[in-house]
Amino acid sequence: MTGHRAQSRKMPLANKAYRLAMSALGLVAEPYLAWRARKGKEDPDRKDERFGRAGTPRPQGRIGWIHAASVGESVSVLPLIKRLLDFGDIDHLVVTTGTVTSAEIMAARLPAGAVHQYVPLDCPSFVAGFIDHWRPDFAMFVESEIWPNMYAALEQRQIPAAIINGRMSARSFKGWQRHRGFMSRVLATTEICIAQNLGYAHHFAQLGAPNVVALGNIKFDSPPLPASEGDLSRLVELTKLRPVWLAASTHRGEEEAIADVHISMRDKYPDLLTILAPRHPERGEEVATLLEDRWLATARRSTGAEPRAMIDVYVADTIGELGLFYRLCPFAFIGGSLTGIGGHNPVEAANLECAVLHGPHIQNFRDMFETFDAAGAALEVADAGQLFTYVDQLTANPAQAKTMAAAGGEVLRVNAGALDRAIAALGPILAPRRAQNG
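The sequence shown begins at 1 in UniProt numbering and counts up by one.
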């Protein structure tokens with residue numbers, strides 16, 4: 001155990017207040033989770049896991065804990081998970097996330113030796129139950145997952161913790177600067193913070209993280225999203241005579257813009273097919289209704305419907321099939337970027353030779369989008385009007401989309417290697433603790 005974690009620190013008043021507040025909120029967790037379950041945001045059959053009560057026994061041997069917030073973060077660490085299980089000294093991994101969609105994707109894609117659990121709420125008793133059941137040998141938190149009570153509980157038990165692929169936007173940094181004492185105490189519990197870039201590294205260091213390095217973004221090392229070859233062949237057959245484009249991972253406020261683009265292009269391209277994949281597939285019916293209210297013929301993949309000739313917009317409201325549609329379409333608009341969401345991962349498209357369009361709100365992936373933009377692999381649209389302009393342009397000029405896609409592949413090649421660097425930096429916490437203590 002390194003020195004800075006081995007030393008006991010007095011907990012500042014703000015951190016004590018947070019701990020007490022979260023303990024109090026734990027008293028109303030039951031109705032809160034029930035409310036979320038009614039909205040489809042919790043799995044009622046696994047609600048015990050949110051209280052720190054494990055859904056499966058702890059396996060024998062050394063076990064690591066990796067926590068990722070949702071779909072994008074959990075998918076990004078799948079290569080890391082596989083590498084850690086091949087490490088030799090690690091027998092099992094417990095992977096936690098906080099959303100239903102990510103749980104379903106992890107159930108389908110986690111390798112043998114890894115198990116998924118829902119992350120407990122950050123209430124001291126829930127966290128203690130989780131950690132004391134799993135007794136992890138180390139813990140890793142992906143990107144911006146900073147949970148004070150979890151970090152404190154790990155420190156109390158002398159379990160080394162790391163932040164991997166760390167990300168902290170300028171906006172978040174500015175907010176946390178007003179509470180630097182609180183955040184400094186939280187971040188001081190970590191062994192290492194591996195940031196995506198120097199800007200994020202500076203933010204973490206300024207807030208008190210003790211061992212910060214910038215090693216690149218492991219999302220550049222992500223493997224291509226999977227897809228069924230049979231389903232792809234079927235969709236290629238159905239759409240081979242039609243121009244087709246994809247709006248991926250969209251949010252409320254963006255589907256209206258997508259509909260307007262399709263309507264504006266209908267006279268020039270009467271056989272145009274728009275594929276719209278909402279970020280949250282449970283919104284499929286809502287999205288289809290919005291489109292139908294604009295007199296667009298719509299089919300939903302979740303119902304088993306196909307994009308037949310009369311369909312204007314195909315709503316891809318299923319889980320884990322974005323790889324299918326990135327393969328099918330020559331270019332895609334990446335959602336969450338016309339609204340304040342902050343965008344989603346452009347590597348998923350670039351990995352599958354799909355050119356990228358995105359809006360101006362890209363704070364979650366700014367460095368990645370700017371890298372793609374500078375390389376000619378992506379185009380930024382200011383609003384729905386400019387989105388129409390570029391969709392029209394790329395539909396009329398397939399060669400431009402191919403050139404952009406090729407540039408995206410080169411971006412991935414140049415920026416690969418962050419995963420190897422991260423694993424090397426994590427060596428001290430991956431090694432058995434008996435070896436560390438000598």
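Just so you know, even glycine gets a beta-carbon here, dropped at the ideal spot from N, CA and C. Nothing here was measured: the structure is a model prediction, and the numbers come from that model.
CA-to-CA distance, residue j to residue i, given in whole angstroms
i, j, result
"K240", "V391", "18 Å"
"G129", "Q60", "18 Å"
"D231", "F325", "10 Å"
"G438", "L430", "Low confidence applies to G438: its pLDDT is 39, below 50, so where it sits in the model is not reliable, and the reading given next is rough at best. Rounded to the nearest angstrom, the two C-alpha atoms are 15 Å apart."
"R62", "H358", "43 Å"
"F372", "Q363", "14 Å"
"W35", "P330", "41 Å"
"A425", "W295", "55 Å"
"N397", "R413", "25 Å"
"E370", "G253", "23 Å"
"F365", "D260", "26 Å"
"L84", "L93", "8 Å"
"L328", "V236", "7 Å"
"P79", "P224", "11 Å"
"V142", "Y200", "13 Å"
"H4", "R135", "Because H4 sits at a pLDDT of 48, beneath the cut-off of 50, its placement in the model cannot be relied upon, and the following sentence gives the value as read from the coordinates. H4 and R135: Cα-Cα distance of roughly 21 Å."
"V381", "D312", "23 Å"
"L272", "G113", "45 Å"
Near the ligand ZN: residue i beta-carbon under 7 Å from a heavy atom
i, result
"Y32", "Of the ligands one can find in the structure shown there are none, so the ligand ZN has no counterpart to examine."
Residue burial classification, residue i (beta-carbon count within 10 angstroms, cutoff 16)
i, result
"S233", "exposed"
"A6", "Unreliable placement is indicated for A6, whose pLDDT of 43 sits below 50; no coordinate value is reported for it."
"T289", "exposed"
"A297", "exposed"
"D137", "buried"
"V115", "buried"
"M183", "buried"
"S228", "exposed"
"M55", "The sequence given here has Gly at residue 55, not Met. When all chains shown are included, G55 counts as exposed."
"K39", "exposed"
"K219", "buried"
"P281", "buried"
"V22", "Looking at the sequence shown, residue 22 is not Val but Met. It is buried - the Cβ of M22 has at least 16 other Cβ atoms within 10 Å."
"D317", "buried"
Opposing strand residues paired with residue i [DSSP bridges]
i, result
"I194", "V213"
"E380", "H358"
"W245", "T274"
"G320", "None; G320 has no bridge partner."
"H67", "T96, F141"
"F331", "A355"
"I163", "F141, C193"
"H262", "According to DSSP, which records beta bridges pairwise, H262 is partnered with nothing at all."
"R300", "V315"
"Q117", "T96"
"T339", "The partner list for T339 (beta bridge, DSSP) is empty, contrary to what the question assumes."
"T239", "Per DSSP, none; premise fails for T239."
Contact set for residue i: own chain, Cβ-Cβ below 8 Å, skip 5 residues either direction
i, result
"N217", "N165, Q196, N197, D367, M368, N415, A418"
"R50", "A29, L33, E42, Y118, V119, P120, L121, F126"
"I105", "V71, S74, V75, I319, G320"
"S172", "S144, H203"
"L238", "E306, P307, R308"
"S249", "A277, P278, R279, L322, I334, G335, G336, H344"
Nearest candidate by alpha-carbon position, reference residue i, set the options
i, options, result
"A14", "R308, R300, R185, E306", "R185"
"S70", "Y118, A114, T56, R36", "Y118"
"R180", "T190, R167, F204", "F204"
"L20", "A384, P148, K82", "P148"
"R421", "L215, V356, G208", "L215"
"P226", "E254, N351, I163", "N351"
"T403", "L328, A355, R300", "A355"
"T96", "F87, V75, D89", "V75"
"P111", "K82, V100, D132", "K82"
"A405", "G427, P346, H361, A170", "P346"
"T389", "S264, R300, T303", "S264"
"T189", "K10, A399, T395", "K10"
"I159", "Q400, E282, R58, D132", "D132"
"residue 457", "Q156, P281, V213, R157", "No information on residue 457 is available, as it lies outside the stretch 1 to 438 that the chain covers here."
"E348", "L322, L272, G340, T250", "L322"
"S302", "L291, I311, G284, M310", "G284"
"L207", "A170, D86, V411, A68", "A170"
"I146", "Q156, A68, A108, L25", "A68"
"N211", "I341, G88, C193", "C193"
Beta-carbon proximity list for residue i, same chain, < 7 Å, skipping 5 on both sides
i, result
"V127", "G52, P120, N149, M150, A153"
"A407", "A375, G376, A377"
"S8", "Reliability of the predicted coordinates at S8 is poor, the pLDDT of 45 falling under 50, and no value is obtained from them."
"S102", "S70, V71, S74"
"R300", "G284, A288, V315, D317"
Same chain, Cβ closer than 6 Å to residue i, neighbours up to 5 away in sequence not counted
i, result
"Y269", "P243"
"M140", "I66, A162, I164"
"A247", "I258, L276, F333"
"S337", "G343, H358, G359, H361, I362"
"E292", "T298"
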